[in-house]
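Chemist:
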Amino acid sequence: MGDLLQFLASYNYLAYLAALNAILALSVYIMLMAGQLSLASMGFMAIGAYTSALLMINGGMPFAVGLLGAAALAGLIALAIGKPILRLKGVYLAITTVGFSELIRFLALNWDYLGGAMGLNGIPQTTRTWHVFLYLAILIFLFHRLDRSRYGRALRAIGLDETAAKTMGIPTARYKTLAFAASAVMAALAGSFAAHYSFYISPGEYNFSQAVLVLIFAVFGGLGTHWGPVLGAIALTLLPEVFRFLQDWRPIIYGVSVLLVVIFFPGGLVGLFKLMIPGTRRKASPIAGGKDERHGTA
Amino acid sequence: MALLELEGVGRSFGGVRAVNDITTGVEEGGLFGLIGPNGAGKTTLFNLITGLIRPDSGTVSFRGKPLTRRSPEKIAALGISRTYQTIRLFEGMTVRQNVMVGGHLGGRYSLLDAIIGRRGFRDAERDLSDHVDSLLETVDLSARSSDPAGTLSYGEQRRLELARALAARPALLMLDEPAAGMNGREAQDLSTLLRKLVTETGLTILIIEHNMSMIMKLCDRVIVMNSGEKLAEGDPAAVRNDRKVIEAYLGGGHADA
Chain A
12 MGDLLQFLAS YNYLAYLAAL NAILALSVYI MLMAGQLSLA SMGFMAIGAY TSALLMINGG
72 MPFAVGLLGA AALAGLIALA IGKPILRLKG VYLAITTVGF SELIRFLALN WDYLGGAMGL
132 NGIPQTTRTW HVFLYLAILI FLFHRLDRSR YGRALRAIGL DETAAKTMGI PTARYKTLAF
192 AASAVMAALA GSFAAHYSFY ISPGEYNFSQ AVLVLIFAVF GGLGTHWGPV LGAIALTLLP
252 EVFRFLQDWR PIIYGVSVLL VVIFFPGGLV GLFKLMIPGT RRKASPIAGG KDERHGTA
Chain B
10 MALLELEGVG RSFGGVRAVN DITTGVEEGG LFGLIGPNGA GKTTLFNLIT GLIRPDSGTV
70 SFRGKPLTRR SPEKIAALGI SRTYQTIRLF EGMTVRQNVM VGGHLGGRYS LLDAIIGRRG
130 FRDAERDLSD HVDSLLETVD LSARSSDPAG TLSYGEQRRL ELARALAARP ALLMLDEPAA
190 GMNGREAQDL STLLRKLVTE TGLTILIIEH NMSMIMKLCD RVIVMNSGEK LAEGDPAAVR
250 NDRKVIEAYL GGGHADA
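Those sequence lines, one after another, are chains A and B. Take the first sequence: its position 97, counted from the start at 1, is 108 in this note's numbering, and no numbers get skipped. Take the second sequence: its position 168, counted from the start at 1, is 177 in this note's numbering, and no numbers get skipped.
1) Is any beta-carbon of chain A found at less than 8 Å from that of H140 of chain B?
2) According to DSSP, is K239 of chain B helix, strand or coil?
3) From S236 of chain B to G19 of chain B, what does the alpha carbon distance come to, in whole angstroms?
4) At a CB-CB cut-off below 7 Å, which residues of chain A make contact with A177 of chain B?
5) Please say whether L66 of chain A and G77 of chain A have beta carbons closer to each other than 8 Å?
6) Looking at the secondary structure, which residues open and close the alpha helix (DSSP H) in which I214 of chain B lies?
7) Answer yes or no: does any C-beta atom of chain A fall closer than 8 Å to that of P187 of chain B?
8) Once you ignore the five residues that flank L215 of chain B on each side, which residues in its own chain have a CB closer than 7 Å to its CB?
9) Any residues in the stretch 133-166 of chain A with a beta carbon nearer than 9 Å to a beta carbon of chain B? Which ones, in chain order?
10) Taking just the CA atoms, how far does A246 of chain B sit from M225 of chain B?
11) Grouping DSSP H, G and I as helix and E and B as strand, with all else coil, what is P214 of chain A?
12) Would L171 of chain A pass as an interface residue toward chain B - the criterion being a Cβ-Cβ separation below 8 Å?
13) Taking contact to mean 3 or more Cβ pairs, one atom from each stretch, closer than 8 Å, check whether the stretch 88-101 of chain B and the stretch 155-175 of chain A are in contact.
14) Run through the DSSP bridge pairs and tell me what F71 of chain B is partnered with.
15) According to the Cβ coordinates, are L15 of chain B and E37 of chain B closer than 8 Å?
16) Kindly indicate which three-state DSSP category V48 of chain B falls into: helix, strand or coil?
17) So, do the stretch 217-227 of chain A and the stretch 29-41 of chain A have three or more beta carbon pairs nearer to each other than 8 Å?
18) Residues bridged to D139 of chain B by DSSP?
19) Does the count of Cβ pairs from the stretch 106-117 of chain A and the stretch 43-53 of chain A closer than 8 Å reach three?
20) Would you grab the beta carbon distance between T188 of chain A and L43 of chain A for me? Rounded to a whole angstrom, and I think it's under 8 Å.
21) Going straight from the alpha carbon of L104 of chain A to that of G282 of chain A, what length do you get?
22) Return the bridge partner residues of G34 of chain B from the DSSP annotation.
23) Taking R116 of chain A as the reference, give the member of A:S63, A:A193, A:F219, A:K94 with the closest Cα.
24) With DSSP run on the structure shown, which of helix, strand or coil describes F228 of chain A?
25) Which residues of the stretch 23-49 of chain A have a Cβ closer than 9 Å to any Cβ of chain B? Give them in chain order.
26) S160 of chain A: buried (16+ other C-beta within 10 angstroms of its C-beta) or exposed?
27) Determine, for A229 of chain A, whether the minimum Cβ-Cβ distance to residues of chain B falls below 8 Å.
28) Please report the distance separating the alpha-carbon of F275 of chain A from that of H155 of chain A.
29) Per DSSP, M183 of chain B forms a beta bridge with which residues?
30) If we call anything under 8 Å between Cβ atoms a contact, is P240 of chain A one with A119 of chain A?
31) Measure the Cβ-Cβ separation of G233 of chain A and G180 of chain A and say whether it is below 8 Å.
32) Between the Cα of D198 of chain B and the Cα atoms of B:R105, B:T210, B:D149, B:G23, which residue gives the shortest distance?
33) Mapping the DSSP letters down to three states, classify R305 of chain A as helix, strand or coil.
34) Along the chain, where does the alpha helix (DSSP H) that runs through Y124 of chain A open and close?
35) Which residues in chain B have a C-beta closer than 7 Å to the C-beta of A168 of chain A? List them in chain order.
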């Protein structure tokens with residue numbers, strides 16, 4: 012009986028972690044849809060975690076207000092810095108957004124009000140696993156609708172040829188900034204839920220290697236649809252557990268799996284599934300506008 | 010009043026005057042040719058009109074509204090669509106998706122409408138979808154609609170760009186060498202299509218083209234550029250016999266010496 016409870020408890024934690032990682036992967040993915048490589052998600056996750064934790068600990072606010080405050084602050088910061096930052100492209104944007112995340116981490120590390128290197132203790136544990144699942148489900152639904160609208164198509168178009176997109180009447184700078192804000196809000200809420208799931212947060216949780224890991228989730232799963240980042244995050248969260256018996260070899264298996272998928276299946280896990288399941292293979296990325304979507308036949 | 014008016018438009022790059030003091034205009038509902046030797050500044054003039062670059066002198070106006078300080082997306086929203094000399098399709102998308110993106114301006118619904126699946130969103134998407142189908146029919150690409158745009162032949166890609174530009178339901182369509190890479194038959198079909206669009210929908214077309222027989226047969230009026238300047242303007246027959254135009258094309262300059 013004790014073993015069973017132990018199993019369920021650890022399973023519960025794994026499920027929570029997989030869902031949380033999927034949310035973070037989606038926050039990177041919405042920028043990748045528009046062809047923008049942003050690694051700011053860790054910074055926004057930290058902003059969300061600290062904001063809601065402090066609103067509850069020091070402000071005595073309910074959890075809902077903490078979540079709203081986290082989302083609002085992250086969204087406003089993203090709107091303020093989005094336009095200048097998103098003038099940068101490719102590797103320059105990536106470096107700048109890494110810098111942003113590191114800046115937030117150093118702020119948390121050196122500001123006593125935020126607990127410094129010791130982090131924040133005694134955070135109310137108000138997050139339930141189903142909160143995170145519901146949040147992920149809502150995001151998947153939103154991405155589903157986005158993909159089938161002119162806004163989703165516009166983001167893809169920006170990613171493929173920004174100049175051509177502009178002359179099609181797409182306000183590229185505005186859409187990129189809004190996608191950045193959406194990405195920030197998604198990550199900040201993930202940060203809040205994570206903070207209130209555990210008892211304690213510290214600046215070290217939001218470091219550069221975490222940001223890269225989240226990017227790997229998305230690429231591993233595939234960037235053709237929003238299912239890619241979700242499946243990628245779930246697979247890579249569970250993989251180390253499945254291969255637990257390999258002990259010290261686990262990180263190597265992890266690295267090799269990522270390499271194999273990225274090298275041999277550029278479409279990621281989703282692309283791999285499509286190859287295996289007949290009838291689901293599509294000739295190009297499944298963005299709204301495919302004839303088959305409208306009539307329900309392939 | 011002319012649909013599009015250019016008043017002393019100019020632009021330099023470094024020390025080179027790419028476009029110098031161009032004053033011209035096009036009236037609603039006609040086919041206008043913009044011709045000239047390579048490097049004459051034709052594509053630069055297109056970029057100046059569509060807002061991709063800004064003129065350093067002069068003004069461009071469309072239906073009386075100044076375009077000079079507007080962004081490309083605002084200019085597109087006023088009703089100007091274009092294609093590119095170097096084809097700029099969204100290569101990762103299917104043929105159909107490319108045209109759907111071209112119809113971005115037509116969908117008058119907000120992101121919230123799309124998320125909650127409001128009727129306005131569904132109606133707009135259905136209208137767009139039907140419009141895209143008919144455009145693919147028009148440019149004879151219906152059979153290729155779910156193929157990736159990058160797999161099309163050169164001539165097909167040019168036709169796809171045309172369909173994508175038409176998807177925005179523009180008032181002015183600007184085509185940059187639409188017949189380049191097409192064989193005689195394809196160019197002939199294109200001419201027929203363009204003339205049909207003008208007569209049936211009242212569209213105005215401004216076209217850059219090196220295919221002289223096509224331009225001379227197709228256009229109501231031709232503007233000739235050379236070295237950034239306007240050399241001549243008039244109906245095709247008059248322009249063809251213009252001494253300055255003949256010199257420019259035959260590498261004149263020495264002729265007078």
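The C-beta atom is built at its ideal place from N, Cα and C for all residues, glycine as well. Only a predicted model underlies this, so the values are computations on that prediction, with no experimental measurement involved.
Modeler: Considering the structure as presented:
1) With 8 Å as the cut-off, H140 of chain B does not count as an interface residue toward chain A.
2) DSSP places K239 of chain B in strand when its eight states are reduced to three.
3) Near 12 Å, if we compare the C-alpha coordinates of G19 of chain B and S236 of chain B.
4) Neighbourhood of A177 of chain B in chain A, by CB distance below 7 Å: M179, G180, in chain order.
5) Closer than 8 Å, so yes.
6) Segment 213-217 is the beta strand (DSSP E) holding I214 of chain B; no alpha helix (DSSP H) there.
7) Put simply, the CB of P187 of chain B is far from chain A, with every gap to its CB atoms at 8 Å or more.
8) Contacts found: V35, F41, L43, L181, M183.
9) Residues passing the 9 Å Cβ filter: F152, L153, R156, L157, R159, S160, R161, Y162, G163, R164, A165.
10) Between M225 of chain B and A246 of chain B, the C-alpha separation is close to 7 Å.
11) Here P214 of chain A sits in helix by DSSP.
12) With 8 Å as the cut-off, L171 of chain A counts as an interface residue toward chain B.
13) Yes, the stretch 88-101 of chain B touches the stretch 155-175 of chain A.
14) Paired residues: B:L13, B:K74.
15) Not in contact: L15 of chain B and E37 of chain B (Cβ atoms no closer than 8 Å).
16) For the sequence presented, residue 48 of chain B should be read as Gly rather than Val. In the three-state DSSP reduction, G48 of chain B falls in the coil class, being neither helix nor strand.
17) Enough Cβ pairs lie closer than 8 Å, so yes.
18) Per DSSP, none; premise fails for D139 of chain B.
19) These segments touch.
20) That pair is no contact at about 16 Å.
21) The alpha-carbon of L104 of chain A is positioned some 27 Å away from that of G282 of chain A.
22) In DSSP, G34 of chain B forms a bridge with B:E14.
23) The shortest C-alpha separation from R116 of chain A is found at A:F219.
24) In the structure shown, F228 of chain A adopts helical secondary structure according to DSSP, grouped into three states.
25) For the stretch 23-49 of chain A, which is checked against every Cβ of chain B, not one residue is closer than 9 Å.
26) Per the 10 Å Cβ criterion, buried.
27) A229 of chain A has a beta carbon lying at 8 Å or more from every beta carbon in chain B.
28) Answer to the nearest angstrom: the Cα atoms are 27 Å apart.
29) According to DSSP, which records beta bridges pairwise, M183 of chain B is partnered with B:R91, B:L215.
30) The answer is no: Cβ separation not under 8 Å.
31) In this structure, G180 of chain A does not lie closer than 8 Å to G233 of chain A by Cβ.
32) For the residues B:R105, B:T210, B:D149, B:G23, the minimum Cα distance to D198 of chain B belongs to B:D149.
33) Confidence at R305 of chain A is low in this model, with a pLDDT of 37, below 50, so the placement of that residue is unreliable and no value is reported for it.
34) Counted as a single uninterrupted DSSP element, the stretch harbouring Y124 of chain A is not any alpha helix (DSSP H), since DSSP gives it neither H nor E.
35) The CB of A168 of chain A comes closer than 7 Å to the CB of F99, V110 in chain B, given here in chain order.
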